[in-house]
Amino acid sequence: MMNKYKKILSGLVMGLIGSTTIVSAEEIALDGSTTVGPIAKAFAEYYMAKSPDVNVTVSESGSGNGAKSLMNGVCDIASMSRFMKSSEFKAAAEKGIMPVAHAVAMDGLPVLVHPSNPVSDLTVEQVRKIYMGEINNWSQVGGPDREIVVVSRDTNSGTYETFYGLIMTHEVDGKKVKEKIMNGAEYVGSNGAVRQRVQNTLSAIGYAGLGFVDRSVKALNINGVYPDRGTVASGKYPIARPLYFFTDGYPKLGSHVYSFVTIHLTEEGQEIVEDIGFVPVTQY
Amino acid sequence: MLKTKSIHSPGNIILSSKENFVRRLSGFLGRGFLFLVTSTAAVAILFIIYFIAKDAIPFFQIRENAFAEFFTNSHWYPSAEPVQFGVLAIIIGSALVALGAIVVAVPLGVAASVYLSDVLPFSIRQFVKPVIEILAAIPSVAYGFFALVVFAPLLQKQGGTLLSVVWWILAIPLSFLAVMVLSDLLTSKMSSEKRRKTGRAVLVVILSGCVFWALYSVGGALNNLNITTGTNALNVSIILGIMALPTVVSVSEDALQAVGRDFRQGSYALGATRAETVIKVVLPAASSGILAAVLLGVMRALGETMVVWMASGNAAQIPVPWYNFLEPIRTLPATIAGDMGEADHVLGSARYHVLFAMGLVLLLFSLFCNLVSEWVVSRQMKKLRGGA
C-alpha cells in the first residue's frame, strides 16, 4: 500500500517538475552552500542583467542539501563548499545523475584570535592539538596564562568539513587518522557568529571564511604563512579550499547553464569573486 | 432552518416525525462537526508522537548497543569516524539549564505574583500584569541575540563583579530578615522583658557580624571569579529564567487569586498579619497551582531552541563539577535544530534517527510534566472545593 502511494506521489512530483522545465526553459535553479551563496547570488545578478530572458533562483540550504537537490532534479546547479562525498556520488549515479565539479573560487579558512592575543604564529599541528584539547592554555604556545576557549562551526557546515579534513585529519605512520574535536569546544551556527565570539572573548580561537577577517579579530600565521588572497591562491596557506558548482554532466555548450558555470573564468567573474572576499581560481 | 416557519406557527407545537428527524440529524451533524474541530488538536498530538516514534525507534535497531550508548555515553560525534551518539551529556545539559531557569524564575516569579495579587492595589495591578506578560511576546531570537551580543561579553568582562553585585542585592535583605527572626526566636523563651531585650540586641549584633563576614567572603570570591567564556549554562539559565517569568507569574497569580477572599478574611479575623496570611494561608492553599506554574515554566525552558543554540556554547560535555554553570553546555533542542540539515541527506542513517530519538525523549518528558501539572491542578481544584 505504502509503496503504491509513494509511486503515485513521486510520479506526480516528477510530472510537475518535468512540465515546469518544459514550460519555462529559461530558468536556472541553484541550491546549496551558504558559503558559496554570496558568489551564486552575485553571479545570478550579473547574469540576469546580461540576459534578461533568463531567471536565476538561488537557495541556500547547505552543501548537503544542495547535493540532494541535484540528485532529485530540483536544481540545475548545486553550490557546495566541499567536494561531494562518495556516498553522494553513489546515490547520484544510481539516480542517473553524473555530478561534474566546477571550481569557481578559492576560500581560505583563517584561524582567528582576539586582537589583544600576543600569539601570532601557530603550526597546523598546534592548531590540531588545541582543537583536540591537548593544548588548553595559551601559555603552552607562547601566550599569556589563559585557558583557551575553542570555537568551531557546527558540524552541519561545509566550513566545518573543510577544517576537519585539513586540520583534524593527519597521517600517522602512513595511515590517515581523523582526530576528534574535544568535548568542550563551543559550536556556533555561522561564520559571523564565530567572529562575534572571537572579537568578544580574550582567550578564544576560531575559524571562518576569508571574507570574515576584519580589524576586530586577528588572523594567525599558520606554518608561518598569513592567509590572504595571494597565499590562498598559490596554495601556500595550508587551510584553503575550492568552492564548487556541481552540474549533472558537463552542461551543453552554449546553453545558459554552461554560460553560468563559466562566469568565473571571465574577467568580470573574477572581479565579482574578489569583490565579495573570495579568491579567483585564475590569476590575471 | 427550513422548518423555522412551521415551528413558530402556533398550533403546530408537536413536530411531525420528519421534522423531528431533520432536527435530530442537524443536531447530530453540528455536534459531530464541532467534535471533529476540537479533536484536531488531540489528533495532531497523536500524529506527532507516532511520526517521531516511527523515526526514533530505528535508531535503537540499526546500531548495536544503541540504547546503552544513547543514555550512558557522553561522546557526541555525529560526523566523526567512527561515529558516536552518546547523548548523556546533552540530556544533562538540558536538565542543568532547566534547573538554572527554575532557580532564576521561581523565586522571582512567585514573589512577583504574591506582590501582584496580595500587596499591590488593584488599579496598579491592572497595569503591571500586562507589562510582565509582554515578556512572553518578545521573539526568542531577540532574547538569543541579546544573550550572545550583550550578555555574553558582559559576563566575560565584568562577570565576577556582576555576580557579586547580584549576590549583595539578594543576600542583604534576606540575611537581615533571617538575623531578626532568628534572634527573636532564640530570645522568646527568656522570662523577663528586660533580659529579653538586651539578649536580643546582643544576639543581633553578634549574628549580623557573622553574617556580614560570610557575605563579604562569598562576595569577594565571586568578585575575583574569572569567567573564561560568556556563552555558558549560567547565561542561558538567566535568559531562559526571564523568558519563563511571564508564564510563572501569570499562572501562579491566577492560583493565588483562586484562593478567594474568604480564606484571607478568615485569617485576618484570627488576628494574623498580612505576612502571616500570605505565608501560612494563601501560599499553602495555592501551592499546587504554583507547582503547576513552575512545571509550565520548566517546559518552556526545556523546549526553547533558539536562545540555547545561540548562547549556550553548544559544547557536548558534562561540566566538571556537574554544577559548574560557567562551562558551555549543549541541549537537546539545540542539537536537533543544529544537526538536522546535514543529517537528512542520507535518509535512514543513524545520524538522522538519533535526532528523532532525542526528540522523543524531549517529547516524553514534556508530556510527563504536562500530565503532572494537570494532575496537580485538578487536585487543587478538589481541595479548594472541599475546603470551601
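Sequence lines, in order, name chains A and B. Taking this note's numbering, the leading residue of the first sequence gets 90, the next gets one more, and so forth. Taking this note's numbering, the leading residue of the second sequence gets 6, the next gets one more, and so forth. The C-beta atom is built at its ideal place from N, Cα and C for all residues, glycine as well. On a predicted model such as this, the values are computed, not experimentally measured, just so you know.
> Along chain B, which residues have their Cβ under 8 Å away from the Cβ of A/Y374?
Replying inline: Given a span of 90 to 373 for chain A in the structure shown, any question on residue 374 of chain A remains unanswerable.
> DSSP three-state call for A/S246: helix, strand or coil?
Replying inline: Reading the first sequence from its first residue, position 157 is the one you call residue 246 of chain A. In the structure shown, A/S246 sits in coil (DSSP, three-state: anything other than H, G, I, E or B).
>> Along the segment 238 to 252 of chain B, where does the CB come closer than 7 Å to a CB of chain A? Name the residues.
In response: none
> Are the C-beta atoms of A/D234 and some chain B residue less than 8 Å apart?
Replying inline: What you label residue 234 of chain A is simply residue 145 of the first sequence in a count that begins at 1. Chain B, which has no Cβ nearer than 8 Å to the Cβ of A/D234, makes this no.
> With DSSP run on the structure shown, which of helix, strand or coil describes A/Y339?
Replying inline: Position 250 of the first sequence holds residue 339 of chain A. A/Y339: coil per DSSP, three-state reduction.
>> Does the CB of A/V230 have a neighbour CB from chain B at under 8 Å?
In response: Taking the first residue of the first sequence as 1, we reach residue 230 of chain A at position 141. By this cut-off, A/V230 is not an interface position.
> At a Cβ threshold of 8 Å, is A/V112 touching chain B?
Replying inline: Indexing the first sequence from 1 puts residue 112 of chain A at position 23. Interpretation of A/V112 is limited by its pLDDT of 42, a score under 50 that renders its predicted location unreliable; the figure taken from the coordinates is listed afterwards. No, its Cβ sits nowhere closer than 8 Å to a Cβ of chain B.
>> Comparing C-alpha positions only, which one of B/A94, B/E309, B/S180 sits nearest to B/A106?
In response: Reading the second sequence from its first residue, position 101 is the one you call residue 106 of chain B. If we check each option's Cα against that of B/A106, B/E309 comes out closest.
>> Check whether the segment 146 to 154 of chain A and the segment 118 to 126 of chain A are in contact - that is, three or more C-beta pairs closer than 8 Å.
In response: yes
> Looking at C-alpha atoms only, which residue of B/S213, B/Q161, B/F330 is the closest neighbour of B/F181?
Replying inline: Residue numbering aside, residue 181 of chain B sits at position 176 when the second sequence is read from its first letter. If we check each option's Cα against that of B/F181, B/S213 comes out closest.
> For B/W380, does the count of other Cβ atoms within 10 angstroms reach 16, so buried, or fall short, so exposed?
Replying inline: The residue given as residue 380 of chain B occupies position 375 in the second sequence. Label assigned to B/W380: exposed.
> Can you tell me the Cα-Cα spacing of A/T110 and A/E116, whole angstroms?
Replying inline: For the purposes of this step, residue 110 of chain A is taken as the residue at position 21 of the first sequence. For the purposes of this step, residue 116 of chain A is taken as the residue at position 27 of the first sequence. Residue placement at A/T110 is flagged as unreliable, the pLDDT there being 45, under the threshold of 50; the coordinate-derived value follows with that caveat. A/T110 and A/E116: Cα-Cα distance of roughly 8 Å.
>> Within the continuous beta strand (DSSP E) that includes A/N144, where are the two ends?
In response: Here residue 144 of chain A refers to the residue found at position 55 when the first sequence is read from its first residue. Taken as a continuous stretch (DSSP letters only), the beta strand (DSSP E) holding A/N144 covers 144 to 149.
> If you check the beta carbons only, do A/V238 and A/T290 fall under 8 Å apart?
Replying inline: Your numbering for residue 238 of chain A matches position 149 in the first sequence. Your numbering for residue 290 of chain A matches position 201 in the first sequence. Yes.
> Where A/N206 and A/S292 are concerned, what is the direct C-alpha to C-alpha distance, given to the nearest angstrom?
Replying inline: For the purposes of this step, residue 206 of chain A is taken as the residue at position 117 of the first sequence. For the purposes of this step, residue 292 of chain A is taken as the residue at position 203 of the first sequence. If you take the alpha carbons of A/N206 and A/S292, they lie about 7 Å apart.
> Expressed to the nearest angstrom, what Euclidean distance is found between the alpha-carbon atoms of A/M271 and A/R217?
Replying inline: Numbered from its first residue, the first sequence carries residue 271 of chain A at position 182. Numbered from its first residue, the first sequence carries residue 217 of chain A at position 128. Straight-line Cα distance between these residues: approximately 10 Å.
>> At the 8 Å Cβ level, is A/S122 part of the contact set with chain B, yes or no?
In response: Translated into positions along the first sequence, residue 122 of chain A becomes position 33. Cβ-Cβ to chain B under 8 Å: no for A/S122.
>> Need the endpoints of the beta strand (DSSP E) that A/Y136 sits in, please.
In response: Numbered from its first residue, the first sequence carries residue 136 of chain A at position 47. Unbroken run through A/Y136 is the alpha helix (DSSP H), 126 to 139; no beta strand (DSSP E).
> Under a CB-based cut-off of 8 Å, is B/T310 close to chain A?
Replying inline: Numbered from 1 along the second sequence, position 305 holds the residue referred to as residue 310 of chain B. So no, B/T310 is outside the interface.
> Checking contacts by CB at 8 Å: is B/E281 closer than that to chain A?
Replying inline: Position 276 of the second sequence holds residue 281 of chain B. False, the Cβ-Cβ gap to chain A never drops below 8 Å.
> Of all Cβ atoms in chain A, is any one closer than 8 Å to the Cβ of B/S272?
Replying inline: Taking the second sequence and counting its residues from 1, the one referred to as residue 272 of chain B is at position 267. With 8 Å as the cut-off, B/S272 does not count as an interface residue toward chain A.
>> Is it the case that the segment 88 to 98 of chain B contacts the segment 321 to 330 of chain B, given that we only count it when at least three CB pairs across the two stretches are under 8 Å?
In response: yes
> What residues of chain B sit near A/V238, judged by a beta carbon separation below 7 Å?
Replying inline: Counting from one through the first sequence, the residue named residue 238 of chain A turns up at place 149. The contacting residues are T233, T234.
>> Can you find the residues in the same chain that come closer than 8 Å, C-beta to C-beta, to A/L198, ignoring five residues on each side of it along the sequence?
In response: Walking along the first sequence from the start, residue 198 of chain A turns up at place 109. These residues qualify, in order along the chain: T248, T251, F252, L255, Y296, A297, G298, L299, P316, I328, A329, R330.
> Given 8 Å as the limit, is there contact between the segment 49 to 57 of chain B and the segment 363 to 379 of chain B, that is, 3 or more CB pairs closer than that?
Replying inline: yes
> When the Cβ atoms of the segment 300 to 316 of chain B are set against those of the segment 334 to 346 of chain B, are three or more pairs found closer than 8 Å?
Replying inline: yes
> Would you call A/Q215 buried or exposed, if buried means 16 or more other Cβ atoms sit within 10 Å of its Cβ?
Replying inline: For this step, residue 215 of chain A is matched to residue 126 along the first sequence. Under this definition A/Q215 is a buried residue.
> Skipping 5 residues on each side, what residues in its chain have a beta carbon closer than 8 Å to that of B/F127?
Replying inline: Translated into positions along the second sequence, residue 127 of chain B becomes position 122. So no residue of the chain qualifies.
> What residue range is occupied by the uninterrupted beta strand (DSSP E) comprising A/E260?
Replying inline: Start at 1 with the first residue of the first sequence, and residue 260 of chain A comes out as number 171. Taken as a continuous stretch (DSSP letters only), the beta strand (DSSP E) holding A/E260 covers 258 to 261.
> A/K267 versus chain B: which residues are under 9 Å apart at the beta carbon?
Replying inline: Taking the first sequence and counting its residues from 1, one reaches residue 267 of chain A at position 178. In chain order: A85, E86.
> Which chain A residues are close to B/Y82, counting only those with a beta carbon under 7 Å from its beta carbon?
Replying inline: Reading the second sequence from its first residue, position 77 is the one you call residue 82 of chain B. Result: K269.
>> Using beta carbons (cut-off 8 Å, strictly below), is A/R217 in contact with chain B?
In response: Position 128 of the first sequence, counting from 1, holds the residue named residue 217 of chain A. No, A/R217 does not count as interfacial toward chain B.
>> Check this for me: beta carbons of A/A308 and A/V200, under 8 Å apart or not?
In response: Working through the first sequence from its first residue, we reach residue 308 of chain A at position 219. Working through the first sequence from its first residue, we reach residue 200 of chain A at position 111. In contact: A/A308 and A/V200 (Cβ atoms closer than 8 Å).
>> Between A/K184 and A/M160, how many whole angstroms is the CB-CB distance? I'm expecting something under 8 Å.
In response: In the first sequence, the residue the question calls residue 184 of chain A occupies position 95. In the first sequence, the residue the question calls residue 160 of chain A occupies position 71. Between A/M160 and A/K184 the Cβ distance is about 5 Å, and since that is below 8 Å, they are a contact.
> Do you know how far the Cα of A/V368 is from the Cα of A/S348?
Replying inline: The count along the first sequence starts at 1 and reaches residue 348 of chain A at position 259. The count along the first sequence starts at 1 and reaches residue 368 of chain A at position 279. So the two alpha carbons sit approximately 20 Å from each other.
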